[in-house]
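All residue numbers for the sequence shown refer to numbering that gives the first Met the number 0, where the first residue is 0 and numbers rise by one. Every residue, glycine too, gets a C-beta built ideally from N, C-alpha and C. Computed from a predicted structure; not experimentally measured. See below for the structure under consideration.
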Amino acid sequence: MNILAIETSCDETALALIETRSNSESFEYRIIQSLVHSQAELHSAYGGVFPSLAKREHSKNLVPLLHKILFENGNSVVPSVDSKIISDNEFAEKISTFDKEITGQNTDLIASLKDASFLKTIPNIDLIAVTEGPGLEPALWVGINFAKILGILWNVPVIPIDHMEGHVVGSLIDSDKAYGAWQTLKKLPLPSLALLISGGHTELVSVEAYPCLPAGRLRGLPSYSIIGQTKDDAAGEAFDKVARLLELPYPGGPHISKLADEARGSGIISTVKLPRPMLKTADLDFSFSGLKTAVLYAIKNTKDNSGNENNAETAITDKFKTGLAREFEDAVTEVLTTKVSKALEKTDAKSLIIGGGVSANTNIRNALSDICTKYQIPIFMPSRHISGDNALMIAIAAAIHLDHNNDSDSPKSLNNTNIKAQGTKRLM
Ligand code: KG4
Ligand code: ZN
Numbered sequence: 000m001n002i003l004a005i006e007t008s009c010d011e012t013a014l015a016l017i018e019t020r021s022n023s024e025s026f027e028y029r030i031i032q033s034l035v036h037s038q039a040e041l042h043s044a045y046g047g048v049f050p051s052l053a054k055r056e057h058s059k060n061l062v063p064l065l066h067k068i069l070f071e072n073g074n075s076v077v078p079s080v081d082s083k084i085i086s087d088n089e090f091a092e093k094i095s096t097f098d099k100e101i102t103g104q105n106t107d108l109i110a111s112l113k114d115a116s117f118l119k120t121i122p123n124i125d126l127i128a129v130t131e132g133p134g135l136e137p138a139l140w141v142g143i144n145f146a147k148i149l150g151i152l153w154n155v156p157v158i159p160i161d162h163m164e165g166h167v168v169g170s171l172i173d174s175d176k177a178y179g180a181w182q183t184l185k186k187l188p189l190p191s192l193a194l195l196i197s198g199g200h201t202e203l204v205s206v207e208a209y210p211c212l213p214a215g216r217l218r219g220l221p222s223y224s225i226i227g228q229t230k231d232d233a234a235g236e237a238f239d240k241v242a243r244l245l246e247l248p249y250p251g252g253p254h255i256s257k258l259a260d261e262a263r264g265s266g267i268i269s270t271v272k273l274p275r276p277m278l279k280t281a282d283l284d285f286s287f288s289g290l291k292t293a294v295l296y297a298i299k300n301t302k303d304n305s306g307n308e309n310n311a312e313t314a315i316t317d318k319f320k321t322g323l324a325r326e327f328e329d330a331v332t333e334v335l336t337t338k339v340s341k342a343l344e345k346t347d348a349k350s351l352i353i354g355g356g357v358s359a360n361t362n363i364r365n366a367l368s369d370i371c372t373k374y375q376i377p378i379f380m381p382s383r384h385i386s387g388d389n390a391l392m393i394a395i396a397a398a399i400h401l402d403h404n405n406d407s408d409s410p411k412s413l414n415n416t417n418i419k420a421q422g423t424k425r426l427m
């Protein structure tokens, strides 16, 4: 079965194509292609993701990315000479009916679809999976509408996938760079604990069921419960906001991390000590907004005390910034590792998963690996390449759902009528 996945929950426009094969003993997949088009540079000017710009960019990027994934691969999904062709009339009519159905909600996307005559040749795709949320609602709708219209044009079922579940799956992908090779998911000892740390979310999730048999064959639907979450800013959001205060570009995580590494390398220690919010509370919740405020005051106080009223900006030295980046990263790392330790003790989890954009952070990865060594459990991390948003994780999550729903590998029981964008407000 060939699965096309679409991910537009934030500022990455992503598509992936995978092929799966499964029987009663094993579930296998191979990656045909996974493409991610980042809009980060555009949003950088706003210091964070600007939802209407994300919507416009997704609308512009999806059709060219689909063309690329279908035709620039030389793969088995490329329409062949005997592929069914949709007539010009049928094509125009289906798009215009859909446009009316969505009440002109996305004119940019509709215009780019109308011009894409390659869509008239039906490719060898059996299922379309799309991220329904959580994420930025205007951005999510572009992907959902794109999935729906492709489903209508090609008569292919569409299924919604939860973005956070995608991040869980991302850590179970064995080799995201081994294109074309058949592979199985990593074997996950259950119950597992997942720490999902992204720009929009910070969650501790107890994973009670997932593919766990030796060949990755699923028994029972995935089952999760959220046992802790942030009360205000997400971890990635805190990195981005603090980066802005330190006048670093968006997305801030990698820039803060680079400065923090430099500080460690040259022995720079911050003159300011930042708080470790909610470190001592018995619950598994987080709070990061206080950290950002503490950084704001640290900068303000340093400027005020510089005695250099006419040129306050210069009062913040590179050394001060570098030290503060390290202190901030250490504070986030300490809070995350302490809460993970508490959660491991509470849940008796047999493995730890980390996922989401912040899971690319080396300091956090190392600290969590040390915790797992202490508790003698394995850690599952996505490769850095797919720790941020991508459609590969969505495609594989869809394959897993399907594997459970339908042993015959047929997606007929699924339909696309009820997909809704599960948006969440992002504080940017
Ligand atoms: O999962 P993701 O790509 O998008 C959302 O679903 O939000 O996460 C993006 C977040 C951004 O806030 C970014 O600053 C953060 O991940 N991030 C990092 C690093 N790389 C990306 N944070 C800390 N250290 C990093 N190396
Ligand atoms: Zn994400």
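Closest by C-alpha distance to residue i, when choosing among the options
{"i": "Val-35", "options": "Ser-21, His-57 and Tyr-374", "result": "His-57"}
{"i": "Ile-393", "options": "Asp-10, Met-0 and Ile-17", "result": "Ile-17"}
{"i": "Leu-171", "options": "Ala-138, Thr-361, Ile-352 and Asn-365", "result": "Ile-352"}
{"i": "Ser-191", "options": "Ile-151, Ser-350, Ala-180 and Glu-92", "result": "Ser-350"}
{"i": "Asn-86", "options": "Asn-105, Glu-328 and Leu-118", "result": "Checking the sequence, you will find Ser at residue 86 rather than Asn. Of the candidates Asn-105, Glu-328 and Leu-118, the one whose C-alpha sits nearest the C-alpha of Ser-86 is Leu-118."}
{"i": "Asn-300", "options": "Val-271, Asp-282 and Leu-290", "result": "Val-271"}
{"i": "Pro-188", "options": "Ile-30, Ala-348 and Asp-284", "result": "Ala-348"}
{"i": "Asn-105", "options": "Gly-142, Ala-177 and Ala-281", "result": "Gly-142"}
{"i": "Pro-377", "options": "Leu-244, Val-157, Ile-68 and Lys-185", "result": "Lys-185"}
{"i": "Thr-19", "options": "Glu-6, Glu-11 and Ile-2", "result": "Ile-2"}
{"i": "Ser-288", "options": "Ser-174, Glu-92, Val-331 and Ala-115", "result": "Val-331"}
{"i": "Leu-65", "options": "Ile-124, Lys-419, Leu-139 and Lys-338", "result": "Ile-124"}
{"i": "Lys-67", "options": "Asn-22, Pro-156 and Ala-15", "result": "Ala-15"}
{"i": "Asp-231", "options": "Lys-99, Lys-291 and Tyr-28", "result": "Lys-291"}
{"i": "Lys-54", "options": "Gln-38, Tyr-45 and Ala-44", "result": "Gln-38"}
{"i": "Met-380", "options": "Arg-263, Met-277, Arg-275 and Ser-174", "result": "Ser-174"}
{"i": "Ser-95", "options": "Ile-148, Pro-137 and Pro-133", "result": "Ile-148"}
Beta-ladder partner(s) of residue i, from DSSP
{"i": "Pro-159", "result": "Val-129"}
{"i": "Ile-30", "result": "Ile-17 and Tyr-178"}
{"i": "Ile-225", "result": "Val-204"}
{"i": "His-400", "result": "Note: His-400 sits in no beta bridge, so no partner."}
{"i": "Thr-120", "result": "Ile-84"}
{"i": "Glu-6", "result": "Ala-13"}
{"i": "Phe-145", "result": "According to DSSP, which records beta bridges pairwise, Phe-145 is partnered with nothing at all."}
{"i": "Ser-350", "result": "Ser-191"}
{"i": "His-36", "result": "Thr-12"}
{"i": "Phe-379", "result": "Ile-352"}
{"i": "Phe-238", "result": "Note: Phe-238 sits in no beta bridge, so no partner."}
Own chain residues within Cβ distance below 7 angstroms of residue i, not counting five before or after
{"i": "Val-357", "result": "Ile-196, Ser-197, Ala-234, Gly-235, Phe-238, Gly-252 and Ile-363"}
{"i": "Ile-298", "result": "Leu-244 and Ile-315"}
{"i": "Lys-93", "result": "Ile-151 and Leu-152"}
{"i": "Glu-6", "result": "Ala-13, Thr-130, Gly-142, Asp-388, Asn-389, Ala-390 and Ile-393"}
{"i": "Phe-327", "result": "Val-241, Ile-255, Leu-273, Leu-290 and Val-294"}
For residue i, the three-state DSSP class (helix, strand or coil)
{"i": "Thr-12", "result": "strand"}
{"i": "Thr-332", "result": "helix"}
{"i": "Ser-358", "result": "helix"}
{"i": "Ala-193", "result": "strand"}
{"i": "Asn-300", "result": "helix"}
{"i": "Ser-51", "result": "helix"}
{"i": "Ser-305", "result": "coil"}
{"i": "Phe-327", "result": "helix"}
{"i": "Asn-1", "result": "strand"}
{"i": "Phe-285", "result": "strand"}
{"i": "Asp-232", "result": "coil"}
{"i": "Arg-263", "result": "helix"}
{"i": "Ala-44", "result": "coil"}
{"i": "Asp-385", "result": "The sequence given here has Ile at residue 385, not Asp. It is helical."}
{"i": "Glu-100", "result": "helix"}
{"i": "Val-62", "result": "helix"}
{"i": "Lys-338", "result": "helix"}
{"i": "Asn-22", "result": "coil"}
{"i": "Glu-246", "result": "coil"}
{"i": "Asn-154", "result": "coil"}
{"i": "Gly-275", "result": "According to the sequence as given, residue 275 is Arg; it is not Gly. Note: Arg-275 maps to coil in three-state DSSP."}
{"i": "Lys-185", "result": "coil"}
{"i": "Asp-173", "result": "coil"}
{"i": "Asn-365", "result": "helix"}
Cβ neighbours of residue i in the same chain (closer than 8 angstroms, five flanking residues each side left out)
{"i": "Ile-160", "result": "Ala-4, Ala-128, Val-129, Thr-130, Glu-131, Ile-393, Ala-396, Ala-397 and His-400"}
{"i": "Gly-227", "result": "Glu-202, Leu-203, Asp-282, Leu-283, Asp-284, Phe-285, Lys-338 and Ala-342"}
Cutoff 6 angstroms; reference residue i; Cβ partners in own chain excluding five residues on either side
{"i": "Ser-111", "result": "Val-62"}
{"i": "Tyr-223", "result": "Val-204 and Val-206"}
{"i": "Gly-165", "result": "Met-392, Ile-393 and Ala-396"}
{"i": "Ala-242", "result": "Gly-251, His-254 and Ile-255"}
{"i": "Phe-90", "result": "Lys-119"}
{"i": "Tyr-178", "result": "Ile-30"}
{"i": "Ile-418", "result": "Glu-131, Ile-143 and Pro-159"}
{"i": "Arg-216", "result": "In this prediction, Arg-216 has a pLDDT of 43, which is less than 50 and means its spatial position is unreliable; nothing more can be read from the coordinates."}
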